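In our numbering, the protein residues as written are 1198 to 1517.
For every residue, glycine included, the Cβ atom is placed at its ideal position computed from N, Cα and C.
Please read all numbers here as calculations on a predicted model, not as lab measurements.
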């Protein structure tokens, strides 16, 4: 089931002109698909039953998305014993969840979802200014509107202040005002809060030497954000004002070849730099991922120098 959803989402993205790669070779992972088209970047997690999403994975997905200026999104088909509805956004740990049909509508047809699910039923966001203007133009008082809807005058006043309401109330409002007053759900700005990054290397199961590498990078003035469930171990930002984000591998593992291959694919899709810092030379070759020896960091004196070193090394390796 999950593989079928994954393949469908990949086809939808490709049809819409996105550059895409999947991470099926990597486990565990906080996202399954990386896709980019112009300035639009998606990090997508595929789950048949969205209740299987774990809280730590959700938090990490939000953090990575924030670092990469991406939209995090869960695509699934079921929650508990029910199927997800088309055109409805669900919420799991603060992440937007939609089904494959809704994803098709959003990406291919440019039709955003209009309804969201919350305790008690389905709700919509209202265009408060449009409601006020339409009511005043028709000469309808707040009291008359409240009586028509069967709610308090205070509730109606809140509709004009931006409060959400049920689908039924919104449809009644549209009938009364004769105009469309429901706002689309903004998937790209759905995530409201993201916890701060943990900086404790022990939590990320890094070895002592890998923790030393992180410390060396920080001494250079580079912002380092450890990632637990991805093909890269840290996201490094030499300069927060620039776009020089570097997806960086640190773990000295046997499957380094596979990690480098996936890291390179992600880097190409996102048009970011990618590096792998190793303690000893490895028999690896990549047109995208730059290999650095841990001892190379001793020759670098600043964050700007780090980027220059990566650029020079990549050009040198390409010419070999």
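Quick check on the DSSP output: the beta strand (DSSP E) that includes residue i runs from which residue to which?
| i | result |
| --- | --- |
| residue 1339 | From DSSP, residue 1339 is part of no beta strand (DSSP E) but of the alpha helix (DSSP H) over 1339-1346. |
| residue 1270 | 1268-1272 |
Using only alpha-carbon positions, find the residue among the options that is nearest to residue i.
| i | options | result |
| --- | --- | --- |
| residue 1297 | 1217, 1406 and 1209 | 1209 |
| residue 1431 | 1302, 1245, 1460 and 1235 | 1460 |
| residue 1478 | 1468, 1340 and 1489 | 1489 |
| residue 1311 | 1327, 1336, 1282 and 1292 | 1282 |
| residue 1319 | 1498, 1387 and 1362 | 1362 |
| residue 1511 | 1251, 1331, 1407 and 1485 | 1485 |
| residue 1456 | 1491, 1474 and 1238 | 1474 |
| residue 1367 | 1313, 1420, 1276 and 1417 | 1313 |
| residue 1198 | 1222, 1232, 1237 and 1246 | 1246 |
| residue 1272 | 1260, 1339, 1244 and 1252 | 1244 |
| residue 1213 | 1466, 1234 and 1309 | 1234 |
| residue 1315 | 1331, 1448 and 1289 | 1289 |
| residue 1450 | 1346, 1383 and 1407 | 1407 |
| residue 1419 | 1411, 1435 and 1409 | 1435 |
| residue 1469 | 1476, 1487, 1452 and 1454 | 1487 |
Assuming residue i contacts residue j (C-beta within less than 8 Å), just tell me the rounded distance between them.
| i | j | result |
| --- | --- | --- |
| residue 1230 | residue 1219 | 5 Å |
| residue 1262 | residue 1291 | With 8 Å as the limit, residue 1262 and residue 1291 do not qualify as a contact, their Cβ atoms being about 11 Å apart. |
| residue 1259 | residue 1388 | 5 Å |
| residue 1467 | residue 1305 | No, residue 1467 and residue 1305 are not in contact; Cβ-Cβ is about 22 Å, not under 8 Å. |
| residue 1433 | residue 1403 | That pair is no contact at about 14 Å. |
| residue 1270 | residue 1293 | 6 Å |
| residue 1328 | residue 1356 | 6 Å |
| residue 1287 | residue 1276 | 6 Å |
Which first and last residues belong to the alpha helix (DSSP H) in which residue i is found?
| i | result |
| --- | --- |
| residue 1364 | 1364-1374 |
| residue 1498 | From DSSP, residue 1498 is part of no alpha helix (DSSP H); its letter is neither H nor E. |
| residue 1353 | 1350-1356 |
Complete runs of the beta strand (DSSP E) confined to the segment 1209-1259 [at least 3 residues]
1216-1219, 1230-1234 and 1237-1243
Every unbroken alpha helix (DSSP H) inside the segment 1279-1339 [4 residues or more]
1297-1304 and 1325-1335
- Going along the chain, which unbroken runs of the beta strand (DSSP E) with 3 or more residues stay wholly within the segment 1406-1491? 1420-1423, 1431-1434, 1443-1446, 1470-1475 and 1486-1490
- Query: Does the segment 1349-1368 come within contact of the segment 1265-1283, defined as at least 3 CB pairs closer than 8 Å?
  - Reply: no
Does the count of Cβ pairs from the segment 1452-1469 and the segment 1374-1382 closer than 8 Å reach three?
no
How about the segment 1411-1430 and the segment 1444-1453: do they share at least three Cβ pairs that are nearer than 8 Å?
-> yes
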